[in-house]
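Undergrad:
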Amino acid sequence: MPRTFVIGDIHGASRALRQCLQRAGFDMEGDHLICLGDVCDGWPDTKQCIDDLLSIKKVTYILGNHDHWTLQWMQSGFVDNGWIKQGGQATIKSYHGPVPPEHVQFLKQAQPYFLMHNKLFVHAGIDPKRPLEQQGPDIFLWDRSLARIALDLYLKKINGRLTHFDEVYIGHTPIPFTKPIQSCEVWMMDTGAGWSGVLSMMDIDTKEVYTSDPVPSLYPGVIGRTKKD
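Yeah, the sequence shown ends on 1043 if you go by this note's numbering, and it's all consecutive.
1) State the start and end residues of the unbroken beta strand (DSSP E) segment that holds residue 842.
2) Output the boundary residues of the alpha helix (DSSP H) element that contains residue 864.
3) Could you give the distance in angstroms between the alpha-carbon of residue 1040 and the alpha-carbon of residue 866?
4) So, using beta-carbon positions, are residue 977 and residue 822 closer together than 8 Å?
5) What residue does the alpha helix (DSSP H) around residue 918 start on, and which one ends it?
6) Below 8 Å, how does it come out for the segment 828 to 844 and the segment 868 to 887: are there three or more Cβ pairs, yes or no?
7) Would the segment 939 to 958 and the segment 899 to 907 be scored as touching if the rule is three or more Cβ pairs under 8 Å?
8) Work out the CA separation of residue 828 and residue 854 for me, nearest whole Å.
9) Could you say if the segment 957 to 967 and the segment 1011 to 1020 meet the contact criterion of at least three C-beta pairs nearer than 8 Å?
10) Taking only the alpha-carbon atoms, compute the straight-line gap between residue 864 and residue 816 and give it to the nearest angstrom.
11) Whole angstroms are fine: how far does the CA of residue 948 sit from the CA of residue 942?
12) The beta strand (DSSP E) with residue 1014 in it runs from where to where?
13) How about residue 982 and residue 1001: are their beta carbons less than 8 Å apart?
14) Is the beta carbon of residue 999 sitting closer than 8 Å to the one on residue 1019?
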């Protein structure tokens, strides 16, 4: 039976992405991969990462804040100084020339969020008190309020409900663990691949997790991002 996986922020680490796919035995033709955004920026392989994702037949891509910056650059040539300091320079270097049109289209078609069987997938978070249609990129791409509450409850070992969804999957906010954590119905999937952590991918039905090696070990001698967003 085809499986559905969710993966955290990749941040230009195609070696980590390939490890996760291989370790999960991912079927490039039949399985479904839901990406929580930020494939771009940090490690040297943003172009290769997008090529890898384009080779997957069933991929749902959710826009992250770093993808937003990258798309601005791809479409207009505009270089945001904050973006450069947070990994954008590595993205520019990864292309060695013109950006393939299919890469621009890939990010243009990215969704603000994805809802499937009352399971919500979004990059940064949501405001649980407002309908999704009344929220926008400032929340979906940037806001850490839900993540902070979820992490605080997890550390205090308090369970409960934070939203009306059965499950919510978020990236954006790195957690100090080597595997995703569940707090109430919220799954925090960013295990720090953009920094010194690992990339994590999970089967959403079995909750089996597949992780890469620590990403710096996959890029010896490479300095990753130097400033946190």
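The beta carbon of each residue, even a glycine, is placed where N, CA and C say it ideally should be.
TA: On the basis of the supplied data:
1) No beta strand (DSSP E) holds residue 842; DSSP gives it neither H nor E.
2) 860 to 868
3) For residue 1040, the pLDDT reaches just 49, beneath the cut-off of 50, and the residue's location in the model is therefore unreliable, although a value from the coordinates is still provided. Residue 1040 and residue 866: Cα-Cα distance of roughly 25 Å.
4) No, the Cβ-Cβ distance between residue 977 and residue 822 is not below 8 Å.
5) 915 to 922
6) yes
7) no
8) 10 Å
9) No, they do not touch.
10) 22 Å
11) In this model, residue 942 and residue 948 are separated by some 11 Å (Cα to Cα).
12) Looking at the DSSP string, the run of the beta strand (DSSP E) that includes residue 1014 is 1014 to 1017.
13) yes
14) no
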